[in-house]
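Note that the protein sequences, when read in sequence, are chains A and B.
If you read the first sequence in our numbering, its first letter stands for residue 4, the second for the next number, and so on.
If you read the second sequence in our numbering, its first letter stands for residue 13, the second for the next number, and so on.
Where a beta carbon is used, it is the ideal one built from N, C-alpha and C, also for glycine.
From a predicted model like this one, the values you see are computed outputs, not experimental measurements.
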Amino acid sequence: MTVTDTDQHHDTHEGESHGLSDMGYVKIAVFLAVVTAIEVALSYTQDQLGAAFLPLLLILMGIKFFCVILYFMHLKFDSKLFGLMFYIGMFLAIGCYGVFLLSMHFFSS
Amino acid sequence: MADTAVAPATGHDAHDDHGAHHTSTGLSNNKLAMWMFLGSECLLFGGLISTYMLYRGRHSENLGPDQVWDIPFTSASSFVLLMSSLTMVLAVSSAHRKDDRNTKVWLMVTALLGALFVAGQVYEFTTFYREGLGFTTSLFSSSFYTLTGFHGVHVTVGIIMLTSLVGMIGKNRVPGDKAETVELFGLYWHFVDVVWILIFTLVYLIPA
Numbered sequence: 004m005t006v007t008d009t010d011q012h013h014d015t016h017e018g019e020s021h022g023l024s025d026m027g028y029v030k031i032a033v034f035l036a037v038v039t040a041i042e043v044a045l046s047y048t049q050d051q052l053g054a055a056f057l058p059l060l061l062i063l064m065g066i067k068f069f070c071v072i073l074y075f076m077h078l079k080f081d082s083k084l085f086g087l088m089f090y091i092g093m094f095l096a097i098g099c100y101g102v103f104l105l106s107m108h109f110f111s112s
Numbered sequence: 013m014a015d016t017a018v019a020p021a022t023g024h025d026a027h028d029d030h031g032a033h034h035t036s037t038g039l040s041n042n043k044l045a046m047w048m049f050l051g052s053e054c055l056l057f058g059g060l061i062s063t064y065m066l067y068r069g070r071h072s073e074n075l076g077p078d079q080v081w082d083i084p085f086t087s088a089s090s091f092v093l094l095m096s097s098l099t100m101v102l103a104v105s106s107a108h109r110k111d112d113r114n115t116k117v118w119l120m121v122t123a124l125l126g127a128l129f130v131a132g133q134v135y136e137f138t139t140f141y142r143e144g145l146g147f148t149t150s151l152f153s154s155s156f157y158t159l160t161g162f163h164g165v166h167v168t169v170g171i172i173m174l175t176s177l178v179g180m181i182g183k184n185r186v187p188g189d190k191a192e193t194v195e196l197f198g199l200y201w202h203f204v205d206v207v208w209i210l211i212f213t214l215v216y217l218i219p220a
C-alpha cells in the first residue's frame, strides 16, 4: 500500500451514490402503495383469475421487492460489490430452501 | 518502503473531511459488512418462511389462515411499514445534505411508523390468541408466530436503533461519517420492509 494507492482508493469511493431526488423517492413509494393495493384487490378476485392468480401475485411481489432494494437501498446506484454480498445470501437462501421444500414434496402437494 | 510506512497513518479506515474511507476496495467497510449481514439475514428469514409454507396447512378445521386473517387490517399495517421506508430514505437524503434537523425529524417519523406497525402486530396476535390460536395450537400457528414474531423483533430493534440515533445526532455524538451511519441504519430498516413484502404476499395473500 502506497500513498498513491490510497489516493486512488479515495477516488473510487465515488462508486457510492446517493440515488434519486426526494420527489423521485416519493414517486417510488406511491408506486409501491399502488402495487400493494392491486395485490390486495387480486386476493379478493382469486376465483375469477384462476391459475393466473398465483403467478400474478408473485410477479407483483417481485416488483415491490426489487423496487425497494434497487431504489430505496440504492443498489442501482451503488457499487456492484454491495449487491453481490446481498445476492449471494439471497440466492443461497432460495437454492437451499427450494431444495428443502422440494425434498418435502411441497410443490407436488 | 517509506511510502508503506506513511500510508497507515492516513490510510485504512481513516476519514478525511468528507468522511470518505480509504480501504482496499475503495468502498466503505461498514457498508460492505452491513450488506453481508443482510445477505445472511436472507438465510434466516428464508428458513422461517419456507417452514411456514410447509406447515401452513397443518391446523384444525376452524383455526386456519382463511378463518383468522384480517386482510384489510394487515394491508393497512403493510402500508404503514411501506411508508416508513419512504421516511427513512428521506432521512438518508437529508443526512447527505448535512441537514441535521430534517434528518432527526424523518428518523423520528420512521420510528413512529415502525411503532405503529408493531402495535398493529401486537393487536393482531392478541386477537388470534383470543380466538384460540395459541403458539402451540398447531404446526401452522407455531410457524406463523415464529416467522412474524422474528420480523416484529427486527422492527422493534430497528425502532430502538433509530431513536438512539436521533439522540446521538442531537448530542453530536455520531462517530465517523454521520450520513453513512444514517444510511447503514436505513439499509437495515429497508431490509425489514423487504422481508415484510415477502411475508405479506406469501403468508397473508396466498390462500393455504
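Taking C-beta separations shorter than 8 angstroms and ignoring five residues to either side along the sequence, the partners of B:L196 in its chain run N42, K43, M46, following chain order. Taking 7 angstroms as the CB threshold, B:G51 lines the interface with chain A. Cβ contact annotation for B:T63 (same chain, cutoff 8 angstroms, sequence separation greater than five): S155, T158, L159, in chain order. Any Cβ of chain A closer than 7 angstroms to the Cβ of B:G126 would place that residue at the interface, and such an atom is absent. Using a Cβ-Cβ cut-off of 8 angstroms, A:I41 is close to nothing in chain B; its nearest Cβ partner there is about 11 angstroms away. In this structure, B:I171 and B:A123 form a Cβ contact; the two beta carbons are roughly 5 angstroms apart against a cut-off of 8 angstroms. Following the DSSP letters along the chain, one finds B:H202 inside the alpha helix (DSSP H) bounded by residues 190-211.
A straight line joining the alpha-carbon of B:Q79 with that of B:T149 spans about 14 angstroms.
By the Cβ-count criterion, A:Q51 is exposed, with fewer than 16 other Cβ atoms from all chains shown falling within 10 Å of its own Cβ.
Within the segment 71-103 of chain B, those residues whose Cβ lies closer than 7 angstroms to any Cβ of chain A are, in chain order, I83, S87, S90, F91, L94, M95, S97, L98, V101, L102. Taking a Cβ-Cβ cut-off of 7 angstroms, the neighbours of A:M107 in chain B comprise L66, given in sequence order. By the Cβ neighbour-count rule, B:G76 is buried, with 16 or more other Cβ atoms within 10 Å of its own. Taking the C-beta atoms as reference points, A:S46 is found no nearer than 7 angstroms to B:L210. What B:I209 touches in chain A, judged by beta-carbon distance under 8 angstroms, is M64, K67, F68, V71, going in chain order. Following the DSSP letters along the chain, one finds A:A96 inside the alpha helix (DSSP H) bounded by residues 83-106.
Shown in chain order are the members of the segment 79-98 of chain A whose Cβ falls below 9 angstroms from a Cβ of chain B: D81, S82, L84, F85, G86, L87, M88, F89, Y90, I91, G92, M93, F94, L95, A96, I97.
Contact check between the segment 84-104 of chain B and the segment 114-123 of chain B: three or more CB pairs, one atom from each, fall below 8 angstroms, which counts as touching.
If you draw a straight line from the Cα of A:F109 to the Cα of A:V71, it is about 29 angstroms long. Only those residues of the segment 157-173 of chain B whose C-beta falls short of 7 angstroms from the nearest C-beta of chain A would be listed, and there are none.
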